[in-house]
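Below is one structure, written out as structure tokens; comments come after it.
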Amino acid sequence: MSSATPLRRVVRNASPSGTPGRRAPRPSAMTGEDGSSGEEPQTPVGGPVVRPVALVLTLGLLSVSSWAGLVASVEPGPAEPTPPSPVREITALRLDELILLDGALDEACWQSGLWLDDWLLLDGAGRKPSAQTRFKARFDAEAVYLGVIAEEPNMVGLREAWGPARDEPVYNDDCLEVWVDPANRRREAYHLIFSVAGGVWDGRQWETQALDPRAPLGAGPRSTRHEDKAWNGHAQAAFAREADRWTCEVRLPAADFGLSHLVEGSVWGLNLGRERWAAPGGAENSSLTGAFAWPMTAFAALGLGLPPVEVASLNLDSAGVGENEVRFDCRAPRRDLAALDVRLTARDSEERTVRFAVPLEADQPTPVSRAYHLAAAPQAAVTLELLRPESGDVLYRADIARDLSQPVRAYPQANTAFLGADPWTVDLELRIGATSLTRSRLRVEVLSPTGRVRQRRHLQDLRPVMRLNFRPRAIAPPGDWKLRFTVLDGKQELGRAEVPLRLLRPPV
Numbered sequence: 062m063s064s065a066t067p068l069r070r071v072v073r074n075a076s077p078s079g080t081p082g083r084r085a086p087r088p089s090a091m092t093g094e095d096g097s098s099g100e101e102p103q104t105p106v107g108g109p110v111v112r113p114v115a116l117v118l119t120l121g122l123l124s125v126s127s128w129a130g131l132v133a134s135v136e137p138g139p140a141e142p143t144p145p146s147p148v149r150e151i152t153a154l155r156l157d158e159l160i161l162l163d164g165a166l167d168e169a170c171w172q173s174g175l176w177l178d179d180w181l182l183l184d185g186a187g188r189k190p191s192a193q194t195r196f197k198a199r200f201d202a203e204a205v206y207l208g209v210i211a212e213e214p215n216m217v218g219l220r221e222a223w224g225p226a227r228d229e230p231v232y233n234d235d236c237l238e239v240w241v242d243p244a245n246r247r248r249e250a251y252h253l254i255f256s257v258a259g260g261v262w263d264g265r266q267w268e269t270q271a272l273d274p275r276a277p278l279g280a281g282p283r284s285t286r287h288e289d290k291a292w293n294g295h296a297q298a299a300f301a302r303e304a305d306r307w308t309c310e311v312r313l314p315a316a317d318f319g320l321s322h323l324v325e326g327s328v329w330g331l332n333l334g335r336e337r338w339a340a341p342g343g344a345e346n347s348s349l350t351g352a353f354a355w356p357m358t359a360f361a362a363l364g365l366g367l368p369p370v371e372v373a374s375l376n377l378d379s380a381g382v383g384e385n386e387v388r389f390d391c392r393a394p395r396r397d398l399a400a401l402d403v404r405l406t407a408r409d410s411e412e413r414t415v416r417f418a419v420p421l422e423a424d425q426p427t428p429v430s431r432a433y434h435l436a437a438a439p440q441a442a443v444t445l446e447l448l449r450p451e452s453g454d455v456l457y458r459a460d461i462a463r464d465l466s467q468p469v470r471a472y473p474q475a476n477t478a479f480l481g482a483d484p485w486t487v488d489l490e491l492r493i494g495a496t497s498l499t500r501s502r503l504r505v506e507v508l509s510p511t512g513r514v515r516q517r518r519h520l521q522d523l524r525p526v527m528r529l530n531f532r533p534r535a536i537a538p539p540g541d542w543k544l545r546f547t548v549l550d551g552k553q554e555l556g557r558a559e560v561p562l563r564l565l566r567p568p569v
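The sequence shown begins at 62 in my numbering and counts up one residue at a time.
Quick look at the structure:
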């Protein structure tokens with residue numbers, strides 16, 4: 062897994078766990094391979110809204126049938142702890158001017174620095190949405206500001222059913238979602254939703270205790286995640302529209318989060334999400350991290366103030382056996398560097414390091430690329446470092462460690478025993494250690510108690526860590542079912558992992 066942490070910051074990461082609460086999982090609601098959804102949100106006519114179920118990953122095993130509610134159980138025996146997730150580093154530049162909150166993004170502060178993109182669909186596979194979203198962050202003593210550009214080829218299709226409502230289900234309209242964790246503890250956050258029609262929803266979300274995976278059915282809490290819908294803040298948002306996009310400016314006042322003022326050098330946890338109902342066929346939901354509220358350990362780290370180096374579009378996660386190329390854009394926002402030294406180290410059965418200089422363009426991102434090779438070995442790692450040329454000080458470091466000894470391992474994130482009468486969802490994390498992620502594919506199967514394959518789907522575009530959350534079609538009879546994950550290279554089976562699913566007979 063990769064991490065990228067400027068040395069002036071320390072971001073503590075915990076293992077993601079548990080099942081989502083009220084609005085999670087909040088991926089694109091998908092029922093087909095094209096990511097389209099047949100579900101329509103209820104409009105505010107004739108009663109309360111029931112939000113459509115959103116699925117993190119469609120495996121061809123999915124439907125919106127109402128089968129069995131999620132309870133609890135994991136793989137038998139002591140499970141290896143889930144490793145921390147990679148944390149994206151973001152910088153909020155200090156403001157030296159006032160922002161007129163009109164959504165137009167025409168102030169000078171929005172014209173400098175990198176637009177941060179690479180948002181991901183909520184399907185666990187690392188796919189990018191068809192309409193991308195970009196943003197920048199700024200701050201002054203009183204507030205954090207976000208500038209957002211949302212590409213939208215179907216502007217006439219924007220959903221605005223709820224209008225400028227307050228604390229109503231405005232997430233059923235095209236909207237921007239924001240999670241902020243000013244304490245950066247990764248277990249509680251303020252959640253704000255701003256719709257293009259001017260609607261606002263805000264609340265708090267947090268985790269309390271860990272669910273015992275070995276607890277008997279019905280014992281203890283079914284969720285450790287909570288939400289306070291009554292919390293209200295004073296955040297503001299304004300939107301503007303162009304022919305093929307909408308833009309947004311958001312102001313998040315420090316006082317809402319119990320802070321008298323903002324201090325340069327502090328770090329917040331941050332995640333941004335977008336619900337795009339104007340997408341063909343239904344909602345196309347995406348976010349900065351590939352998830353919504355949970356797990357909070359995956360939130361980005363928002364640093365207030367200038368780092369020595371900014372890095373964007375780094376592709377280190379794609380490392381595999383054979384020829385590779387590292388690519389990224391870098392920039393020195395303090396304007397005190399004319400060049401950087403890049404040190405790239407690849408470790409497999411031996412260690413190889415290459416160092417080269419990169420001249421920087423003034424206040425412009427500089428694209429960098431370099432080829433490297435990884436030999437077949439049980440363990441492999443790649444480290445990228447950016448150094449100050451004169452002193453050799455490391456200004457930025459990112460690395461990825463790949464365990465190639467086991468092609469696939471599965472870690473359930475909640476129990477996997479279900480009653481046979483309610484809707485149920487499987488929430489787990491896969492770690493893929495295949496020698497080539499670009500060449501390998503994943504076969505997912507549901508096996509009946511007799512060992513018969515009842516459902517099957519193949520996935521491409523594998524990643525070292527994949528969070529899966531999906532709902533199999535209704536299965537019967539009650540008994541010990543299995544989810545089987547097999548990594549394939551062509552027709553050759555590289556390895557497999559199985560997760561037990563216990564379908565319990567509903568009480569009479």
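For every residue, glycine included, the Cβ atom is placed at its ideal position computed from N, Cα and C.
As the structure is a prediction and not an experimental result, all values here were calculated from the model.
By the DSSP assignment, the beta strand (DSSP E) with residue i in it spans what residues?
i: ASN385; result: 383-392
i: LEU503; result: 502-508
i: HIS287; result: 286-289
i: ASP402; result: 400-408
i: SER430; result: 427-435
i: VAL205; result: 204-212
i: SER347; result: 345-348
i: ARG488; result: Going by the sequence as given, residue 488 is Asp instead of Arg. First-last of the beta strand (DSSP E) with ASP488: 487-493.
i: TYR232; result: Where TYR232 is concerned, there is no enclosing beta strand (DSSP E), given that its DSSP letter is neither H nor E.
i: THR444; result: 440-448
i: ALA558; result: 553-565
i: VAL469; result: 469-473
i: THR194; result: 194-200
i: TRP267; result: 261-268
With 16 other CB atoms within 10 Å as the buried threshold, where does residue i fall?
i: GLY326; result: exposed
i: VAL132; result: The pLDDT assigned to VAL132 is 24, lower than 50, so where the model puts this residue is not dependable, and the model offers no usable value.
i: ASN293; result: exposed
i: HIS252; result: buried
i: ALA250; result: buried
i: PRO538; result: exposed
i: ALA436; result: exposed
i: LEU161; result: exposed
i: ARG286; result: buried
i: ALA291; result: exposed
i: ALA344; result: buried
i: ALA280; result: Interpretation of ALA280 is limited by its pLDDT of 40, a score under 50 that renders its predicted location unreliable; no figure is taken from the coordinates.
Find the nearest neighbour of residue i within the set the options, judged by alpha-carbon distance.
i: GLY187; options: GLY264, LEU529, LEU555, VAL548; result: LEU529
i: ALA432; options: LEU166, LEU377, ARG463; result: LEU377
i: ARG515; options: ASP522, GLU506, LEU523; result: GLU506
i: PRO513; options: TRP542, GLU451, LEU161; result: Checking the sequence, you will find Arg at residue 513 rather than Pro. Minimum Cα distance to ARG513 is reached at TRP542.
i: PHE360; options: VAL429, PRO468, LEU166, ASN245; result: ASN245
i: THR406; options: ALA459, HIS287, GLY366, PRO561; result: ALA459
i: ASP305; options: ALA211, PHE255, PRO473; result: ALA211
i: LEU156; options: CYS391, PHE300, PRO538, LYS197; result: LYS197
i: GLU386; options: GLU559, HIS434, GLU303; result: HIS434
i: VAL148; options: GLN297, LEU331, ALA354; result: LEU331
i: GLU554; options: PHE255, CYS236, ARG504, LEU181; result: ARG504
i: LEU564; options: GLY383, VAL487, ALA340, ARG502; result: VAL487
i: ASP179; options: TYR472, ARG312, GLU336, GLY351; result: GLY351
i: GLY52; options: SER321, PHE255, ARG195, PRO243; result: With the chain covering only 62 through 569, there is no way to say anything about residue 52.
i: ALA339; options: GLU221, ARG312, ARG449, VAL560; result: GLU221
Please say whether residue j and residue i have beta carbons closer to each other than 9 Å?
i: ARG227; j: TRP262; result: yes
i: GLY38; j: TRP240; result: Here the chain comprises residues numbered 62 to 569, so residue 38 is not present and cannot be evaluated.
i: LEU363; j: VAL328; result: yes
i: GLY494; j: GLN521; result: no
i: LEU401; j: VAL370; result: yes
i: GLU310; j: GLY174; result: no
i: ALA492; j: PRO439; result: Position check: residue 492 holds Arg in this sequence, whereas Ala was assumed. No, the Cβ-Cβ distance between ARG492 and PRO439 is not below 9 Å.
i: VAL415; j: CYS391; result: no
i: ARG408; j: VAL443; result: yes
i: ASN346; j: LEU183; result: yes
i: GLU150; j: VAL403; result: no
i: ARG545; j: LEU508; result: yes
i: THR547; j: GLY366; result: no
i: MET357; j: ARG265; result: no
i: PRO510; j: LEU489; result: no
Stretch pair the region 185-204 + the region 380-400: three plus CB contacts closer than 8 Å: no
Three CB pairs or more closer than 8 Å across the region 196-206 and the region 413-420: no
Segment contact, 8 Å Cβ cut-off, at least three pairs: the region 219-234 with the region 190-197: The region 219-234 vs the region 190-197: no contact.
Touch test, the region 315-324 against the region 214-222, Cβ-Cβ under 8 Å, three pairs minimum: no
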